[in-house]
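Novice: Numbering-wise (our numbering), the sequence shown opens with residue 38 and increments by one. Heads up, the beta-carbon is just placed ideally off N, CA and C, and yes, glycines get one too. Computed from a predicted structure; not experimentally measured. Here's a structure for you.
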Amino acid sequence: MSEPFDLPFQSDVMPEMLTTESKIRFRCHKGISCFNACCKQADITLTPYDIIRLKRRLEVDSSEFLKKHTVPFQMDGDGMPGVKMRTDDSGQCLFMTEAGCDVYEDRPTACRYYPVANLAMKAKESPTEEIQYALVREAHCKGHEEDRELTIDEYRAEQQVADYDEMNREFMQLILKKKSAGPTIGKPPELSLQLFFMANYDIDRFRRFVLSDTFRNAWDLPDELYADIEQDDIALMKFGSRLLKQVLYGEKTIQDKDGYYQQRLDARKDVIEMRRQFEIQRARKKDDEKYSEGGDGGCAS
Ligand code: SF4
Ligand code: SF4
Numbered sequence: 038m039s040e041p042f043d044l045p046f047q048s049d050v051m052p053e054m055l056t057t058e059s060k061i062r063f064r065c066h067k068g069i070s071c072f073n074a075c076c077k078q079a080d081i082t083l084t085p086y087d088i089i090r091l092k093r094r095l096e097v098d099s100s101e102f103l104k105k106h107t108v109p110f111q112m113d114g115d116g117m118p119g120v121k122m123r124t125d126d127s128g129q130c131l132f133m134t135e136a137g138c139d140v141y142e143d144r145p146t147a148c149r150y151y152p153v154a155n156l157a158m159k160a161k162e163s164p165t166e167e168i169q170y171a172l173v174r175e176a177h178c179k180g181h182e183e184d185r186e187l188t189i190d191e192y193r194a195e196q197q198v199a200d201y202d203e204m205n206r207e208f209m210q211l212i213l214k215k216k217s218a219g220p221t222i223g224k225p226p227e228l229s230l231q232l233f234f235m236a237n238y239d240i241d242r243f244r245r246f247v248l249s250d251t252f253r254n255a256w257d258l259p260d261e262l263y264a265d266i267e268q269d270d271i272a273l274m275k276f277g278s279r280l281l282k283q284v285l286y287g288e289k290t291i292q293d294k295d296g297y298y299q300q301r302l303d304a305r306k307d308v309i310e311m312r313r314q315f316e317i318q319r320a321r322k323k324d325d326e327k328y329s330e331g332g333d334g335g336c337a338s
């Protein structure tokens, strides 16, 4: 069974399935009667690359971007975290202006594709995903009535989505792997879900985590990788996907440092022994106090 990735914008309309060569009739421009109508009902799921582009444009760090411009949601019943673009109470995107999109050059993937939906599918038995497209026809969108035909590939080129598709690929694989595995993977532990959120969305915080002594002492990684991660958001995003594949799906590509886990275990043994001694002493003290009080305890018969 295949699972779709996501559909941009809210829609109850069943899409038509298309290939890259399929022709669509569509044109969107500033003079169209419905200009901005789609951005007034925006339901945009953001990818990690969308966030990198937007936070750079707005010159804020990822934590501030998430706080001001997004809302969290759960992508599945196991609580896999996702983030959506924040809207006002009427559903209008906060980046919408009378003149159009205020972040146009860095608008998210879903906005670029609309009204085409990019549906990544992965069959359970297949190691790779398959990309299909769909055309979403909504009554408010008059672009479908314009006199222009072009293929899906031509539309993708016009919207400059190639870079976005490339950058989104590993994130999409992470999600599809979880979906296609179904209940066999089960609900990830809370700490893994928190790591998923940080590595994918709050990447400036993730950078501090990866560059910390605690992380460096635990994992055997080359200095050059740390140097890239320090300066380059994309290198950090790719490392995040690699780490998550290991943590969530056991695809081991990162070795822990020799003896690290044994050292941690030894350190914990000391702490456990200290706690045990403390509990013994506390119990003895309690007993001493009980008997020195000499109260009414004991058999009353
Ligand atoms: S980011 Fe821009 S294109 Fe996307 S919904 Fe908001 S205003 Fe519209
Ligand atoms: S034509 Fe469609 S995509 Fe373009 S502004 Fe109108 S509703 Fe939005």
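1. So Lys379 and Trp256 are in contact, right, with Cβ under 8 Å, and what is the actual spacing, rounded?
2. Any heavy atom of ligand 2 closer than 7 Å to the beta-carbon of Gly255?
3. What are the residues that DSSP puts in a beta bridge with Gly119?
4. Using C-beta distances below 7 Å, list every residue in its chain close to Asp239, excluding the 5 sequence neighbours before and after it, in chain order.
5. Is it the case that the CB of Ala414 approaches a heavy atom of ligand 2 more closely than 7 Å?
6. If we ignore side chains and look at the alpha-carbon of each, how far apart do Asp43 and Phe252 end up?
7. Mind reading off the beta-carbon distance from Arg90 to His181? Whole number of angstroms is fine, and I expect it under 8 Å.
8. Taking 8 Å as the threshold (C-beta atoms), are Leu281 and Ala236 in contact?
9. Is there at least one non-hydrogen atom of ligand 2 closer than 7 Å to the beta-carbon of His72?
10. Tell me whether the stretch 168-180 and the stretch 67-77 touch, counting them as touching only if at least three CB pairs, one residue from each stretch, are closer than 8 Å.
11. Of the choices Asp80, Glu310, Gln169, Phe234, whose alpha-carbon is the least far from that of Cys130?
12. Take Phe243 and list the residues in its own chain whose beta-carbon comes closer than 7 Å to its own, dropping the five residues that flank it on each side.
13. Where Phe46 and Tyr151 are concerned, what is the direct C-alpha to C-alpha distance, given to the nearest angstrom?
14. Between the Cα of Thr290 and those of Pro259, Lys323, Gln318, Thr134, spot the shortest distance and give me the residue it belongs to.
15. Under 7 Å: does the beta carbon of Gly180 sit that close to some heavy atom of ligand 2?
16. Taking 7 Å as the limit, name every residue whose beta carbon sits nearer than that to some heavy atom of ligand 1, in sequence order.
17. Going by beta-carbon coordinates alone, are Ile189 and Thr84 separated by less than 8 Å?
18. Distance check for Gly137 and Thr124, CA to CA, integer angstroms please.
19. Quick check: Pro172 and Val153, are their CB atoms within less than 8 Å of each other?
20. Considering only the beta carbon of each residue, do Gln169 and Leu156 sit closer than 8 Å?
21. Looking at the strands, I want to know which residues DSSP matches up with Ile61.
22. Rank Leu285, Asp143, Phe246 by C-alpha distance to the C-alpha of Glu267 and give the top, closest one.
23. The beta strand (DSSP E) spanning Val97 covers which residue range?
24. Going by Cα to Cα distance, which pick from Ile88, Gly114, Asp115 is closest to Lys105?
25. Select from Pro145, Ala194, Ser127 the residue whose C-alpha is nearest the C-alpha of Thr82.
26. Which same chain residues end up closer than 6 Å to Lys77 when comparing Cβ atoms and leaving out the 5 residues on each side of it in sequence?
27. Can you name the start and end residues of the alpha helix (DSSP H) that Ile284 belongs to?
28. As an exercise, report each continuous alpha helix (DSSP H) stretch of at least 4 residues that is fully enclosed by the stretch 189-271, in chain order.
29. Return the chain-ordered list of same chain residues with a C-beta closer than 8 Å to the C-beta of Leu248, the five sequence neighbours on each side being excluded.
30. For Met117 and Phe233, which I take to be in contact (beta-carbon distance under 8 Å), what is that distance rounded to the nearest angstrom?
Specialist: By the coordinates alone:
1. An answer regarding residue 379 cannot be provided, because it is not within the stretch 38 to 338 covered by the chain.
2. Note that residue 255 is Ala in the sequence shown, not Gly. The nearest non-hydrogen atom of ligand 2 is 7 Å or more from the C-beta of Ala255.
3. Note: Gly119 is bridge-paired with Phe110 in the DSSP secondary-structure output.
4. These residues qualify, in order along the chain: Ser99, Ser100, Leu103.
5. Given that the chain is displayed from residue 38 to residue 338, the structure contains no residue 414 and the question cannot be resolved.
6. Interpretation of Asp43 is limited by its pLDDT of 40, a score under 50 that renders its predicted location unreliable; no figure is taken from the coordinates.
7. Their Cβ separation, rounded to whole angstroms, is 28 Å, which puts Arg90 and His181 out of contact at 8 Å.
8. Result yes, Cβ atoms of Ala236 and Leu281 sit closer than 8 Å.
9. Here residue 72 turns out to be Phe, not His, going by the sequence shown. Of the heavy atoms belonging to ligand 2, at least one sits nearer than 7 Å to the Cβ of Phe72.
10. Contact check between the stretch 168-180 and the stretch 67-77: three or more CB pairs, one atom from each, fall below 8 Å, which counts as touching.
11. Nearest C-alpha to Cys130: Asp80.
12. Listed in chain order, the non-local C-beta contacts of Phe243 below 7 Å within the same chain comprise Met235, Ala236, Leu273, Gly277, local neighbours out to five positions each way being set aside.
13. For Phe46, the pLDDT reaches just 43, beneath the cut-off of 50, and the residue's location in the model is therefore unreliable, leaving the point undetermined.
14. Of Pro259, Lys323, Gln318, Thr134, the residue nearest in Cα terms is Pro259.
15. At least one heavy atom of ligand 2 is nearer than 7 Å to the Cβ of Gly180, so yes.
16. Counting only heavy atoms of ligand 1, the residues whose C-beta sits closer than 7 Å to one of them are, along the chain, Cys75, Cys76, Ala79, Ile81, Met122, Cys130, Phe132, Met133, Cys138, Asp139, Val140, Tyr141, Arg144, Pro145, Cys148.
17. Cβ distance not < 8 Å, so Ile189 and Thr84 don't count as in contact.
18. In a straight line, the C-alpha of Thr124 is about 15 Å away from that of Gly137.
19. Contrary to the premise, residue 172 reads as Leu rather than Pro in this sequence. Yes. Within cutoff.
20. Inclusion of Gln169 and Leu156 in the CB contact set at 8 Å is warranted, their separation being smaller than that value.
21. Bridge partners of Ile61: Leu187.
22. Closest option to Glu267, Cα to Cα, is Phe246.
23. Under the DSSP assignment, Val97 falls outside any beta strand (DSSP E); it carries neither an H nor an E label.
24. Closest option to Lys105, Cα to Cα, is Ile88.
25. Among Pro145, Ala194, Ser127, the Cα nearest to that of Thr82 is on Pro145.
26. For Lys77, where only same-chain residues beyond five positions count, the Cβ hits under 6 Å are Gln129.
27. It should be noted that the sequence gives Val, not Ile, for residue 284. Run containing Val284: 270-286, per the alpha helix (DSSP H) assignment.
28. Qualifying alpha helix (DSSP H) stretches, in chain order: 189-195, 199-218, 227-237, 240-247, 250-255, 260-268.
29. Within the same chain, Leu248 has close Cβ partners Tyr263, Ile266, Glu267.
30. So it is a contact: roughly 7 Å between Cβ atoms.
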